[in-house]
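If you read the protein sequences in the order shown, they are chains A and B. Positions 297 to 411 (the working numbering) are the ones given, in order, by the first sequence. Positions -6 to 107 (the working numbering) are the ones given, in order, by the second sequence.
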Amino acid sequence: AQSVTQLGSHVSVSEGALVLLRCNYSSSVPPYLFWYVQYPNQGLQLLLKYTSAATLVKGINGFEAEFKKSETSFHLTKPSAHMSDAAEYFCAVRWGSGNTGKLIFGQGTTLQVKP
Amino acid sequence: NAGVTQTPKFQVLKTGQSMTLQCAQDMNHEYMSWYRQDPGMGLRLIHYSVGAGITDQGEVPNGYNVSRSTTEDFPLRLLSAAPSQTSVYFCASSSDRASSYEQYFGPGTRLTVT
């Protein structure tokens, strides 16, 4: 079955430190990959998406992610964490195109940023 | 555009009661879906629709019904609420016409079943 795995349910970094949130998926050919962020008591907001163009994708708030087909990974990074980055982050993968496509989410990673 | 709207924001039900969670979008998206979010489990797909009159089951459909009579609306019905349905429910929509399949999410409904 298709699956998305986020390594680490909680990640804690100091303000100014590198943020690395890991995401791996089960198939070698996922068409579309996404990272969403959820702030407390809010809905999900798209951070960035990979849609078969450049493998390094830049998103909002200084985040970026690199699609690595050989590793079936789509890790999210930010060079310098800010307190406002504290939130829950979800990796999602869409398999199939057209009307058969469904979005499968990872379990989520809570990012804590310490002053 | 209001985007994706959901009502109510909060709801408390007793076991066995039924209710409908409302979802509407004003972006003319053909694809709509319902997810539930539980701690440590991410978002799981309940039901989805690829257009008016067409619905299908997701990962966790038991205990829920949906219908899609218009492009804009996609209500989720709980037939006989159970404590296991305590969760946060999100509705989302997207359009294949955009060729990016980005899903837009509503603000969520927090449901407690006692």
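Ideal Cβ positions, reconstructed from N, Cα and C, are used throughout, including at glycine. Values in this document were obtained by computation on a predicted structure and should not be read as measured data.
Go through the stretch 77 to 101 of chain B residue by residue and report every complete run of the beta strand (DSSP E) that reaches 3 residues or more, in order. 80 to 87
Tell me the DSSP bridge mates of Lys345/A? Start at 1 with the first residue of the first sequence, and residue 345/A comes out as number 49. BP columns for Lys345/A point to Phe330/A.
Continuous beta strand (DSSP E) stretch holding Ala388/A: start and end: As a first step, residue 388/A must be located in the first sequence, where it is residue number 92. Here the beta strand (DSSP E) through Ala388/A covers 383 to 391.
Taking the alpha-carbon positions, what's the Lys374/A to Asn357/A distance? Here residue 374/A is taken as the residue at index 78 of the first sequence, counted from 1. Here residue 357/A is taken as the residue at index 61 of the first sequence, counted from 1. Rounded to whole angstroms, Lys374/A to Asn357/A spans 9 Å at the Cα level.
Apart from the five residues on each side of it in sequence, which residues of its chain come closer than 8 Å, Cβ to Cβ, to Val309/A? For this step, residue 309/A is matched to residue 13 along the first sequence. Once the five neighbours on either side are set aside, the close Cβ partners of Val309/A are Val315, Ala377, Leu407, Gln408, Val409, Lys410.
Please classify Leu72/B as buried or exposed, where buried requires at least 16 neighbouring CB atoms within 10 angstroms. Counting from one through the second sequence, the residue named residue 72/B turns up at place 79. Under this definition Leu72/B is an exposed residue.
Cβ neighbours of Val106/B in the same chain (closer than 7 Å, five flanking residues each side left out): Residue 106/B sits at position 113 when you count from the first residue of the second sequence. Closer than 7 Å at Cβ, skipping near neighbours: Leu6, Thr8, Ala74, Ala75, Pro76, Gln78, Thr79.
Does DSSP put Glu52/B in a helix, a strand or coil? Here residue 52/B corresponds to residue number 59 of the second sequence, with the count starting at 1. DSSP places Glu52/B in coil when its eight states are reduced to three.
Answer yes or no: does any C-beta atom of chain B fall closer than 8 Å to that of Leu407/A? Residue mapping note: residue 407/A aligns to position 111 of the first sequence, counting from 1. Judged by the 8 Å Cβ criterion, Leu407/A is not in contact with chain B.
State the Cα-Cα distance for the pair Gly312/A and Ala382/A, rounded to the nearest angstrom. Working through the first sequence from its first residue, we reach residue 312/A at position 16. Working through the first sequence from its first residue, we reach residue 382/A at position 86. Cα to Cα, the separation comes out at about 13 Å.
What separation, rounded to the nearest whole angstrom, lies between the Cα atoms of Cys387/A and Ala361/A? Taking the first residue of the first sequence as 1, we reach residue 387/A at position 91. Taking the first residue of the first sequence as 1, we reach residue 361/A at position 65. Whole-angstrom Cα-Cα distance: 11 Å.
Exposure label - Lys2/B; buried when at least 16 CB within 10 Å: In the second sequence, counting from the first residue as 1, residue 2/B sits at position 9. The residue is exposed, with fewer than 16 neighbouring Cβ atoms inside 10 Å.
Kindly list the residues whose CB is nearer than 6 Å to the CB of Val333/A, restricted to its own chain and excluding five residues on each side of it in sequence; keep chain order. Indexing the first sequence from 1 puts residue 333/A at position 37. Closer than 6 Å at Cβ, skipping near neighbours: Gln341, Leu343, Ala383, Tyr385.
In chain A, which residues lie less than 7 Å from Phe98/B when you measure between Cβ atoms? Walking along the second sequence from the start, residue 98/B turns up at place 105. Near Phe98/B (Cβ distances below 7 Å), the residues of chain A are Gly339, Leu340.
Quick one: which residues of the stretch 374 to 391 of chain A get their C-beta closer than 7 Å to a C-beta of chain B? List them in chain order. Phe386, Arg390
Counting Cβ pairs closer than 8 Å, one from the stretch 346 to 353 of chain A and one from the stretch 16 to 32 of chain B, do we hit at least three? no
For Ala(-5)/B, tell me which candidate among Gly35/B, Glu65/B, Glu52/B, Asn55/B has the shortest Cα-Cα distance. What you label residue -5/B is simply residue 2 of the second sequence in a count that begins at 1. Looking at the Cα atoms, Glu65/B is the closest of the given residues.
Residues of its chain near Lys354/A, where Cβ-Cβ distance is below 6 Å and the 5 sequence neighbours each way are ignored: Taking the first residue of the first sequence as 1, we reach residue 354/A at position 58. Answer for Lys354/A: Glu360, listed in chain order.
Select from the stretch 34 to 47 of chain B all residues with a C-beta closer than 9 Å to any C-beta belonging to chain A, and list them in chain order. Met34, Gly35, Leu36, Arg37, Leu38, Tyr41, Val43, Gly44, Ile47
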